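Here's the structure, in structure tokens; my notes come after.
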Amino acid sequence: MDFDFSDDQKEMRAQARRFLEENCPPAKARAVMESDATHDATLWKKIADLGWLGTAVPEAHGGVGLGHEELCVLAEEIGRAIAPVPFNSSVYLATEALLIAGSEAQKAEWLPKLASGALIGTFALAEKAADAGPEGVQASLTGGALSGRKVAVADGVAADIAIVVARTGPGAEDVGLALVDLRAQGVERAPADSIDPSRSFATLTFDGAAAEALGDGAGWSVVEHLLDRAAALTAFEQVGLSDVCLDMAKEYALTRYAFGRPIGSFQAIKHKLADVYVANELARSNAYYGAWALSSGSSELAEAAAGARVSATEAAFLASKENIQTHGGMGYTWEGDCHLYYRRAKALSLQLGAARVWKEKLIRRLERKNAA
Amino acid sequence: MDFDFSDDQKEMRAQARRFLEENCPPAKARAVMESDATHDATLWKKIADLGWLGTAVPEAHGGVGLGHEELCVLAEEIGRAIAPVPFNSSVYLATEALLIAGSEAQKAEWLPKLASGALIGTFALAEKAADAGPEGVQASLTGGALSGRKVAVADGVAADIAIVVARTGPGAEDVGLALVDLRAQGVERAPADSIDPSRSFATLTFDGAAAEALGDGAGWSVVEHLLDRAAALTAFEQVGLSDVCLDMAKEYALTRYAFGRPIGSFQAIKHKLADVYVANELARSNAYYGAWALSSGSSELAEAAAGARVSATEAAFLASKENIQTHGGMGYTWEGDCHLYYRRAKALSLQLGAARVWKEKLIRRLERKNAA
Amino acid sequence: MDFEDSPEEAQFRQEVYAWLAENAPLKKEGPSSARDDDHGSPQAVAAAKAWQATKAARGFAQIPWPKEWGGPGGAPIQQVIYNQEEAKFDVPRMYFEIGLGMCVPTVLTYCDPAFAKPAAERALKGDEIWCQLFSEPAAGSDSAGVQTKAVRDGEDWVINGQKVWTSGAHFCDYGIILTRTDPDAPKHKGLTMFWIDMKDPAVECRPIKQMSGASHFNEVYLNDLRVKDSQRIGELNGGWGVAVTTLMFERLAVGGGDGGSGPGTEAMMALARETQLEEGPALQDRAVRERIAEWHVRAQGLKFTTFRTITALSKGQTPGPEASIGKLVSANTAQERSDFALDLQDMAGLLMGEEATHDGQFQDVFLAIPGLRIAGGTDEILKNVIAERVLGLPGDARVDKNVPFKDVPKGG
Amino acid sequence: MDFEDSPEEAQFRQEVYAWLAENAPLKKEGPSSARDDDHGSPQAVAAAKAWQATKAARGFAQIPWPKEWGGPGGAPIQQVIYNQEEAKFDVPRMYFEIGLGMCVPTVLTYCDPAFAKPAAERALKGDEIWCQLFSEPAAGSDSAGVQTKAVRDGEDWVINGQKVWTSGAHFCDYGIILTRTDPDAPKHKGLTMFWIDMKDPAVECRPIKQMSGASHFNEVYLNDLRVKDSQRIGELNGGWGVAVTTLMFERLAVGGGDGGSGPGTEAMMALARETQLEEGPALQDRAVRERIAEWHVRAQGLKFTTFRTITALSKGQTPGPEASIGKLVSANTAQERSDFALDLQDMAGLLMGEEATHDGQFQDVFLAIPGLRIAGGTDEILKNVIAERVLGLPGDARVDKNVPFKDVPKGG
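Protein chains in written order, with the numbering used here: chain A, 6 to 377; chain B, 6 to 377; chain C, 3 to 414; chain D, 3 to 414.
Set out below in structure tokens:
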């Protein structure tokens, strides 16, 4: 048993953390939030130059050829830094989609561009406020033409290409992944307000836009698998964010005095932060299981990813809201940074589907396992 | 608006409390728990002599002719005293069943005996570990003969008569109330172990026992209404119990020292007990709504009773378990009294159906109201 | 136990409703927004003052204020009824509550009637608005930790320091301010209260932008503000007692008992009815139903607790600190509810504004609610209050008593 | 990151399993009962000693104990593997853990090898059992608040007082006891540790009946117990440091990582599958499914946290107080789960024993679990430990430091 990152991976983490502390203090997320920018393009360029975008992409396709454990390491740091870049859209979703479902030609064409940062990719599934399952997919791909409307598409304005979940036939599960160039005709994109303006979201409308099936256009199970992979990776962003919230709260509790002593000496604060610590540790452990399942190609990924996501979502909500609470009045000011994390935590928890959806997935997977 | 008990009712409460403090310290519940007795017969006799059993029974039927608000007042005190007597079975269930569904002849025959304590009544619904709804009722009443098996019947060994939910026809809701003399032939009763041995429970087996329909034997809606009434009354027992748990915990926290000061000066204990206080107050307020709806014959009873029960169940679990926790090591010894309340709290919370069942009832009733 | 109005109460309720219907528009259908972006603008302040004047003229402002304060001298229960009815109408809110509820009664209690009575009259009829300057950057939960100094200079006092979390400071005319006048005395014993002119150039107000984007509060800087000793409220170094009185008046201000902040049961049920889950409308999902039931029971419990408080009020009893449970429960419930509402909307739950369901009102609440758990007493302080004042548990171990305030560790 | 055994670990696991299969029966199917009524009976103690002897002979007792302690000198990870495999078999448990895990290592660390080594050998091969006598009626969470006195009398010490919550005192041969030797010193500075003969007539053990009906603990009365100064463990008045060492050994004893106490996910799913709700099996109810999923995630989180600890162990690192989260989470989860399991059974959920589903095992847990939230450190103490030792937050304000112990307020 070796249930930890390797020394090399830990060194990679330390380097990534140093880089982001220098290049991505919370002021960067704030700058995007308070401007019309879709993301921090300078930071994105630097991240691309470091090779992060191609971490899990084979060298043959322009990547670094490391594994998904390394990508988990970076995800945690991106999460700590609440980096205002399209990392999850382009890397965990668009790149992963190509890796698992793209044809050789598609991989050869797109992976190098995504890995180098020449292009930004994203993923579009939801069409309205409702469970984002196969039955809700109205968008359709017919004869190379994509039509439909997608909402809450992360980085939808900045992205160059999108992997779009679209109907491919009349059956309930006849849905698959379509690859569309967002710069082409028949694509309309409108920025959409969100609870986390340090990231950007868009409504995409396709009116017969040129698109192609990804690989053989396989059905809903590929979508599920893609979401599992992205969930396992995102769990590390959530864990990173949760830990920063705890660090911030702890730091404040040590330096803020009331009644003549640090507020961190009061049990109300101590036990609150102990609760946060417990949730964070459970989330981290569940995330490790996801990392192992993802990188080892285990059939347990579906179960592990659901567990990682549920645990990380719970931790991130708790840590981000109790960080505000610990900061008292300063905690809920605009100028304080606490709300950046509260916003990001909730956005990350919704982007791939809410915890309630993942709890149901988890139980189904446990039932299947028990039946097997 | 006068959302409180009247001065007369408060005086009645004070008297009842004094009486029970004198006649029913926790040692009485313990004595029943540690013996084979089904209940404290001496206390039961005294309670009967005080007229409590006929509080809401009209004078014409041998009762005191007060209202259900007065019965709520007594229920709270019975709950505080965790009195080991068949009060809820005989009064909230058997007596109430006769009051709402009995024929004039049945009322004339049985109410005076229940009100005087000459007979003990009870109620039997559940047949197995499952939602105790109409579909689970297998017991049947045919041509004056009752057959079937009922489990977890409170006071089933001590009781003389029982109101039994039985199938009266083939339809899903063709169930109604049957009145059976438990001393008659064809009735077998076996004591059953329970989590609260300060009360007694039994398995009743009917094999063609002589029984009659209560009133016109109306269907499931009468059972529901009876449960609503009993839930509204039981909520006061639960609130009384919750308040005693808080009192015990507070008292202990004031006198137990650790680290050179009363443990009640530590925020961990203070905030725990504040949480209990909040739950208790919410439960009390919801219980008052139930008392009002019950005593005024309001159509809101169904909603009010469900709310009262859910709130009181939550408070009683919290208060009884955190009372143990506050007492530390002493809290979980057999000789300490804390567990008597933990046991009784859970038994009361299950006897009329679990909180999850009542939450569903509540939502159905809200839906019905919204639709109306 | 009687849930209904007494005949007199019903009669009063009818009068109030009829008058409101003549003088104000009904609220629009649907839950109101958590945003109120126009709050505090000159037009909004003018409208609020006009509405206050209208209410006062009819005798519906500060109904229980005694005649000697220039009030209508009505019953507290009438104020409750008025609030319940007014809540149905679209009228300005959150301008006069603090001034008339806390500040002016304090001034009437402690100050020379020659000043207090005309000031109260002007405030009551909406000419002037009062605010309260207690909190400071280093005196939040620890409300006696005030560092703003008032130093004697001949007949005057000179005030320097910074206050924070003052509601509407920029449109207020007067404020009551807690200052430190003796740093050598223990914390609670060196404080003095004054009233000040908020329009004095030595008073500088800066808006605080909250995380929700709204700005309901100000920082207030006092730069050599000169006040007369006649502006002192209560004894020299007796300011803590005055502040306690002010906060006691706050407790008397009882709302209408609507069971909490944020989306209510109806809004949650409506959302669940409209939202399609995998297997049908969310309202058919047992997990959703249970949660809604749990929150409903809590909200009802609060509502009926308020009814119990109102009953005590109507019997002439003073409501105790039990009322602290209201904000504690409603803020936490609203946080859970709004979080859950976003989850119901799944991936699209992060949208705000036009693209969002219900105009993003659940999202607005989600962003506004962390402030509600803090403003007006944090969860933690409210639990202390319940534990100490209701349950009678001892205070925490103190290191800041019986030492000169200047020697109390302050960090930093 | 590797979830699987290394080749050496796999090899060792195989050896262990093969040996166990030859020497012990497999556990019966289904979750084990929370009751263990025979525990501590003479026959059960004899069986436990015999099993310990068998393990020791094979080198599977206290695997990481170094050779100089008379142990096998194996790797900590091997102990973990052994525990995981042994958990599959029906063998005696809870007799030697405290003695070999905490007491004997303390004795080996501090005492004369002439006594310690043979004593350790006898303990290791199951001849003798040790217990720990720290807690007292007035020294529970406040573990340094010990009042049992040891008074010097010539070459000897005379001990008087009462200990409590001693596991298996009545079948133990030796104990280590924390006593107060200087009541004039501050609390932590006047304590001394001794080892004592539990069979001395001056040691009186009385069983404590727990609320569940079981009796796993004793009260121990010391009535003029005379011990030699050579039985002292560590320095005079240095007992607190010794106790800290003892508790540190406890932390090193890592379990097999099964994710918690009480009913697990499989038991909950089985119950839900069998239990008929109004609309079908409970396992089809979304509310039930969500709760089971939430608890499963917590239990898995604990399990994988233990794996992380084991990994640290196998790399030669000392696990930190992070391990405190185990009992905190699992006890509270078990309380919620058992409460919910009773609710699923609705009105019949209050039955125990024969009449109950699953032989009443959920009810047994429901009654056993309040003790688990207290024994071995209350929830509150564990949170303090996490806050102070893991997060580095400051201790609470103290009134019991730097004053003679006899002057510390003790209530009553």
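Idealized CB from N, CA, C, for every residue including glycine.
In this text the structure is predicted, and so the values were computed from the model without any measurement.
Asked: Let me know the secondary structure DSSP gives GLY258 of chain C once reduced to three states.; Found: Confidence is the limiting factor: at GLY258 of chain C the pLDDT is only 48, short of 50, which leaves the residue's position unreliable and the question unanswerable from this model.
Asked: Find the nearest neighbour of TRP297 of chain D within the set D:PHE117, D:ALA59, D:GLN233 and D:ALA343, judged by alpha-carbon distance.; Found: D:ALA343
Asked: How would you call PRO30 of chain B, buried or exposed, if buried means at least 16 neighbouring beta carbons within 10 angstroms?; Found: exposed
Asked: In chain order, which continuous runs of the alpha helix (DSSP H) of length 4 or greater are located wholly inside the stretch 7-31 of chain B?; Found: 12-28
Asked: May I ask which residues mark the beginning and end of the beta strand (DSSP E) holding GLN164 of chain C?; Found: 158-169
Asked: What does DSSP give as the partner residue(s) for GLN134 of chain C in the beta ladder?; Found: C:ILE178
Asked: Counting Cβ pairs closer than 8 Å, one from the stretch 392-400 of chain C and one from the stretch 333-347 of chain C, do we hit at least three?; Found: no
Asked: Would you identify the three-state DSSP class for LYS412 of chain C, choosing helix, strand or coil?; Found: coil
Asked: Mind pulling the chain A residues with CB within less than 9 Å of ALA273 of chain B?; Found: GLN272, ALA273, LYS275 and HIS276
Asked: Quick one: what's ASN220 of chain C bridged to in DSSP?; Found: C:THR168 and C:PRO209
Asked: Run down chain D in chain order and give the residues with a C-beta less than 8 Å from the C-beta of SER199 of chain B.; Found: LEU352, LEU353 and MET354
Asked: On the premise that ILE329 of chain B lies in contact with LEU231 of chain B, defined as a C-beta separation below 8 Å, what is that separation, rounded to the nearest angstrom?; Found: Not a contact, Cβ separation roughly 33 Å.
Asked: Taking 7 Å as the limit between beta carbons, can you name the residues of its chain near PRO196 of chain B, skipping five residues before and five after?; Found: VAL162, SER205 and ALA207
Asked: Please name the residues in the stretch 365-399 of chain D whose beta-carbon is closer than 7 Å to at least one beta-carbon of chain A, in chain order.; Found: LYS385, ASN386, ILE388, ALA389, VAL392, LEU393, LEU395, PRO396, GLY397, ASP398 and ALA399
Asked: If we count the other Cβ atoms within 10 Å of its Cβ and call it buried at 16 or more, is PRO411 of chain D buried or exposed?; Found: exposed
Asked: Could you have a look at GLY355 of chain C and say whether DSSP puts it in helix, strand or coil?; Found: helix
Asked: Enumerate in chain order the residues of its own chain whose CB-to-CB distance from GLY56 of chain B is below 7 Å, with the five nearest sequence positions on each side excluded.; Found: VAL69
Asked: Can you list, in chain order, the residues of its chain with a C-beta nearer than 6 Å to that of GLU2 of chain C? Leave out the 5 residues immediately preceding and following it.; Found: No answer is possible for residue 2 of chain C: it lies beyond the span of chain C, which begins at 3 and ends at 414.
Asked: What does the alpha-carbon distance come out to for the pair ILE100 of chain D and ALA311 of chain A?; Found: 38 Å
Asked: When you compare only the Cα positions, how much space is there between ASN285 of chain A and LEU323 of chain A?; Found: 9 Å
Asked: I'd like to know if VAL362 of chain B contacts chain C, where contact means its C-beta is closer than 8 Å to some C-beta of that chain.; Found: no
Asked: Pairing CB atoms from the stretch 217-228 of chain C with CB atoms from the stretch 156-174 of chain C, are three or more of them under 8 Å?; Found: yes
Asked: With a cut-off of 8 Å on the beta carbons, I'd call GLN272 of chain A and PHE24 of chain B a contact; round off their distance for me.; Found: Not confirmed; about 41 Å, so no contact.
Asked: Quick one: what does DSSP say ASN25 of chain C is sitting in, helix, strand or coil?; Found: helix
Asked: Within 8 Å, do at least three Cβ pairs link the stretch 232-249 of chain B to the stretch 70-88 of chain B?; Found: yes
Asked: How many angstroms separate the CA atom of TYR257 of chain B from the CA atom of GLY333 of chain B?; Found: 10 Å
Asked: Mind checking which residues open and close the alpha helix (DSSP H) that includes ALA412 of chain A?; Found: The first residue shown for chain A is 6 and the last is 377, placing residue 412 of chain A beyond what the model contains.
Asked: Let me know if PHE136 of chain D comes out buried or exposed under the rule of 16 or more other beta-carbons within 10 Å of its beta-carbon.; Found: buried
Asked: Checking contacts by CB at 8 Å: is SER143 of chain D closer than that to chain B?; Found: yes
Asked: So, are the CB atoms of LEU193 of chain C and ALA140 of chain C less than 8 Å apart?; Found: no
Asked: Taking just the CA atoms, how far does ALA21 of chain B sit from SER203 of chain B?; Found: 21 Å
Asked: Would you report the Cα separation of LEU116 of chain A and VAL192 of chain A, rounded to the nearest angstrom?; Found: 22 Å
Asked: Quick one: what's got a C-beta closer than 7 Å to PRO9 of chain C's C-beta in the same chain, skipping five residues either side?; Found: none
Asked: Sort out for me which residues DSSP pairs LYS151 of chain C with in a bridge.; Found: C:ASN162 and C:ARG182
Asked: Consider the Cβ of MET271 of chain D: report whether some Cβ of chain A lies at a distance smaller than 8 Å.; Found: yes
Asked: With a 10 Å radius around its C-beta and 16 neighbouring C-beta atoms as the bar for buried, classify PRO78 of chain D as buried or exposed.; Found: buried
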